[in-house]
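Asker: Protein chains in written order, with numbering that gives the first Met the number 0: chain P, 0 to 527; chain D, 0 to 341. Glycine included, C-beta positions come from ideal geometry on N, C-alpha and C. Just so it is clear, the structure is predicted and the values come from calculations on it, not from any experiment. First the structure, then my questions, so here it is.
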Amino acid sequence: MTENTIKNVNFDYIFNEVKPITEYGIRTKQEAKPFIKGQEADLKAEFNKIGAFIESRQRRDIIDVLKHIKNILETIQRAKSNQVLDEVELFEIKNFLILVEKMDKILRGISNNDLKLLQLTPLPQLYEKLDPAHEKLNTFYIYDEYSQKLKKIRNEKRQIEKNISLLKKRIREEIQEKHNIKLNLKDEVTISKSQKDKINELNKEVNLRLFGENYLNIIYKIKNSEEIDDLEKRYEELTFEEDDEEYKIRQKLSVSIKEFSHILQKNTEIIGEIDYLIAKANYAQKTCSVEPEIINELQITIKGGRNLKLEKILKDKHIEYVPIDLNLNKNVSCITGANMGGKTVTLRMIGQIAAMASFGMFVPCEYARLCLFERIFISAGDNQSIEKGLSTFGAEIVNLKEAIKSSDLRCLILIDELAGGTNPKEGYAITKAVVNYLKKKDCITVLTTHYDNIANDEDIKNLQVKGLSLPDETDFSKQDNIDSIQKYMDYRLIEVNYSGDIPKDALRIAKMAGIDEEIIKDAENYLK
Amino acid sequence: MRLIETIKQNNYETVSIIGLAKNAGKTVTLNYLIEEAINLNIKTGITSTGRDGENTDLITKTQKPAISVTEGMYVATAKKTLMLSNAKAEILETTGISTAMGEVIIIRVRQKGNIQIAGPVSAKDMKYVARRLKYYGAEVVFIDGAIDRKAVSSPAITDACVIATGAVLSRDMKKVLEKTAHAVECYSLTGTDEHVKNIVRKINKTCIISEDGKTLVPDIKTSITSGKKISEMISEKTTHVFVKGAVTSALLKDLWENKYLRGIKLIIEDGTKIFTDINMWNEMRRKGLKVETINTINVLAVTLNPVSPEGYFFDSEVLKENMKKVLTGIKIVDVVSGGEED
């Protein structure tokens, strides 16, 4: 599919609605390629997996796990290039391992053979390294249990801390009592300069030092005793050793993670796949889509097909969407019928369903049976090429050329009003020739047309929009406008044998829309 | 009663600390509250409202002083600040909330040390983080807060707030008293009626409400320059005018021109949104300006720092006594020189 086709069959809208949760799932979705002719069995397996997730009660549980999964690819990459991971990264790996184990358990609880291929590999041996204290918590710390040395250092630090605070408390209490002063939390006291005696007294105190002075006050602070100074120095040394030891532990853990990096990576891929499949399952359920039957023969049968984007737009306007049935079992089919009869919408719907199926998605119908294509083309009100400066006809021709070029492959070619904007004589000739060319190819071509005599060929299937069904010919009054035509339009397609005549609802629609009576009468005269 | 006891007794779970200026002693206040909580065996959680450009503070090492944290405390801070900390941390959660300083991580302190804290920026994220800190075991969550013209200010989303003020506000003690009193007055404004709150929350834009409950929304981008437009839409039927965002002197002046305003209630998001000239504000209030808020703020205490980093200082006793005179009914604590009396 070209960008153009994707837009034109509204597949961009649909694909956007498929929302994986994890970054792995999003990546899997981004990298997804369509299934083409020859991959029918793979596609069937994909559908089976989606079906299994739709039916499985455990889908909710898996989604809950997915919501907690973080992207650890960067961390794995860092470990692989021999970097030492920090605590937060180790925490994330630990959590990933916990979640993988959890998800693996859930997946094993689903007894479905198609999901057997989505096998995660829990790594209890790596998990154990990240939980040396066997706490079974999803938090992480460079635990004392990692090394005897670390434990020893930390114990000593704790002891020193206690001693320092004890010593400080003693000095503090002594000073407060001795001099009848109150020290603040920072072990400071502010004395007014007017208290000369007090100042003389405090100046002599060996455990206090002058901390600050201004014209009003003098601030004293407790001085560390030599013993405290020594303890603090030792504490500092120990902290240094501790950091060193922690670094070694993190280094070791990083090496272990590197050893398992390929399994970790594989797990992220499988999680991505599961996430993407579940996103498709969710969307299938939300849109009441069904698994299409994939066949080898060139055929598209759709019962109750819907164009999801249009359905959504109409729903917002509280208008009901009319599902369409159709059976395309010849190489070329023509859709004819009234203007505003939904021909283009139907064309898009066919493309949309074929595109969704090829991307391994369930399709919005009651039933669908179709083959896989190698290419899908659509030419319908192509805006992109027009924006590039081409005329409508020019854009059509460019699209057509692309399609014809690929028509030796199995293609789905959808053409809306070929050469509709040019003079009828030439337009007819081009259309007829294209039809004649494509009917010999291993392709399904569907075109909408107003030209008579395109479908007067027994190789070509002719589908007709039922068209306007007015309650009474004279019934429509002046209040009716272009919007109310929807009320009277029967969008369903009927298969007709070629009768030579194409129904002409254009004039009736013009009349309903309120075009001047004089013009309508004049036009009617010309038709006779 | 000591400040921390008041917090516990009223079951305040989140308390923000707001400085009226840089170096007003916010960090000293925070450290003081932490110390007090430790003494009473109260488990605390700490975070701060992040702001853009916080990393420059880290590089120059001038602003954001470190908070000293001890074993058993809970902290939510950005990864970069965590990695620079010398406290040892057990990682509890990576929140997925990103800041200029990296993802916000929730930790439990395993070994004491100092840590700079840079928390989430948005109110929604802040609420989440506070909730998680409580979930892990914090009985009280302190938020090193910020007031913000545009975003939701931290006092408006916490149960209570402590205001840090001090000599840094002005060399003139009178001005310090005046500015502090003004801030406390603004923060303490009463909440408006529930039905007005509901209307405003639904519209969430500057609007004019009339007696029949009908609303008019002026077509303006920010309220700051749009006083005249709002004023034009006020009629004798108007009962409330809601101004979203900052209330400036210019805006207030334009509104005051409207003859109906004296009978109307001016509704603002919260008390931290007032950025008007103090004299003008006081005069209008005297003449009958009625102001109410959507989010009320509970001012718990004012802490004083009598020393300015510029080198000047006030006699802390004098400052405290004078502050008591202008702020009646509010606890005043000199955290720098003494803390609270028992």
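(1) Grouping DSSP H, G and I as helix and E and B as strand, with all else coil, what is residue 494(P)?
(2) Any C-beta of chain D sitting closer than 8 Å to the C-beta of residue 213(P)?
(3) Using a Cβ-Cβ cut-off of 6 Å (strictly less than) and excluding sequence neighbours within five positions of residue 172(D), which residues of its own chain qualify?
(4) Nearest-angstrom Cα distance between residue 10(D) and residue 174(D)?
(5) Please state the DSSP three-state secondary structure of residue 21(D).
(6) Using a Cβ-Cβ distance under 8 Å, would residue 184(P) count as near chain D?
(7) Apart from the five residues on each side of it in sequence, which residues of its chain come closer than 6 Å, Cβ to Cβ, to residue 292(P)?
(8) If you pair each beta-carbon of the segment 212-229 of chain P with each one of the segment 186-196 of chain P, do three or more pairs fall below 8 Å?
(9) Suppose only complete runs of 3+ residues qualify. What are the beta strand (DSSP E) ranges in the segment 198-261 of chain P, listed by chain order?
(10) Short of 8 Å in beta carbon distance, which residues of its chain neighbour residue 52(D), apart from the five on each side in sequence? Order them along the chain.
(11) List, in chain order, every chain P residue whose beta-carbon is nearer than 9 Å to that of residue 260(D).
(12) The alpha helix (DSSP H) spanning residue 143(D) covers which residue range?
(13) Chain P beta carbons: is any one of them nearer than 8 Å to that of residue 91(D)?
(14) How is residue 442(P) classed by DSSP in three states: helix, strand or coil?
(15) Taking the alpha-carbon of residue 90(D) as reference, which of 285(D), 135(D), 168(D) and 7(D) has the nearest alpha-carbon?
(16) Counting C-beta neighbours from all protein chains within 10 Å, is the total for residue 351(P) 16 or more, i.e. buried, or is it exposed?
(17) Work out the CA separation of residue 265(D) and residue 188(D) for me, nearest whole Å.
(18) Quick check on the burial criterion: 16 or more other C-beta atoms within 10 angstroms. Buried or exposed for residue 320(D)?
(19) Can you pull the DSSP bridge partners for residue 330(D)?
(20) In the DSSP output, which residue or residues are listed as bridge partners for residue 413(P)?
(21) Going by DSSP, which residues form a beta bridge with residue 15(D)?
(22) With DSSP as the reference, label residue 53(D) as helix, strand or coil.
(23) Can you check which of these residues, 136(P), 120(P) and 55(P), is closest to residue 94(P) by C-alpha distance?
(24) From 323(D), 45(D), 39(D) and 318(D), pick the residue whose C-alpha is nearest to that of residue 107(D); which is it?
(25) Considering just the uninterrupted stretch of the beta strand (DSSP E) at residue 102(D), what are its terminal residues?
(26) Can you give me the start and stop residues for the beta strand (DSSP E) that residue 90(P) sits inside?
(27) Do we get a CB-CB distance below 8 Å when we pair residue 143(D) with the residues of chain P?
(28) Pull out every residue of the segment 303-323 of chain D whose Cβ sits closer than 8 Å to any Cβ of chain P, in chain order.
(29) Distance cutoff 8 Å, beta carbons only. Does residue 104(D) sit that close to anything in chain P?
(30) When DSSP labels each residue in this structure, what does residue 1(P) get in the three-state scheme?
(31) Could you have a look at residue 158(P) and say whether DSSP puts it in helix, strand or coil?
(32) I'd like to know if residue 74(P) contacts chain D, where contact means its C-beta is closer than 8 Å to some C-beta of that chain.
(33) Can you find a CB in chain D that lies within less than 8 Å of the CB of residue 91(P)?
(34) Which residues, in order along the segment 93-113 of chain P, keep a beta-carbon less than 7 Å from a beta-carbon of chain D?
(35) Out of 447(P), 455(P) and 458(P), point me to the one whose CA is closest to residue 464(P)'s CA.
(36) So residue 361(P) packs on residue 31(P), CB below 8 Å; how close in whole Å?
Answerer: The answer reads as follows:
(1) strand
(2) yes
(3) 313
(4) 34 Å
(5) coil
(6) yes
(7) 368
(8) yes
(9) 207-212 and 216-221
(10) In this prediction, residue 52(D) has a pLDDT of 44, which is less than 50 and means its spatial position is unreliable; what the coordinates show is noted afterwards. Only 99 meet the Cβ criterion.
(11) Under the 9 Å cutoff, chain P gives no residues; its nearest Cβ is about 43 Å from residue 260(D).
(12) Not the alpha helix (DSSP H): residue 143(D) falls in the beta strand (DSSP E), residues 139-143.
(13) yes
(14) coil
(15) 135(D)
(16) buried
(17) 11 Å
(18) exposed
(19) 300(D)
(20) 377(P) and 445(P)
(21) 142(D) and 160(D)
(22) Its pLDDT being 47, under 50, residue 53(D) is placed unreliably by the model, and the measurement read from it follows with that caveat. If DSSP states are grouped into helix, strand and coil, residue 53(D) belongs with the helices.
(23) 136(P)
(24) 45(D)
(25) 101-110
(26) First-last for residue 90(P): 86-107, but that is the alpha helix (DSSP H), not the beta strand (DSSP E).
(27) no
(28) 312, 314 and 315
(29) yes
(30) coil
(31) helix
(32) no
(33) yes
(34) none
(35) 447(P)
(36) About 15 Å; that fails the 8 Å criterion.
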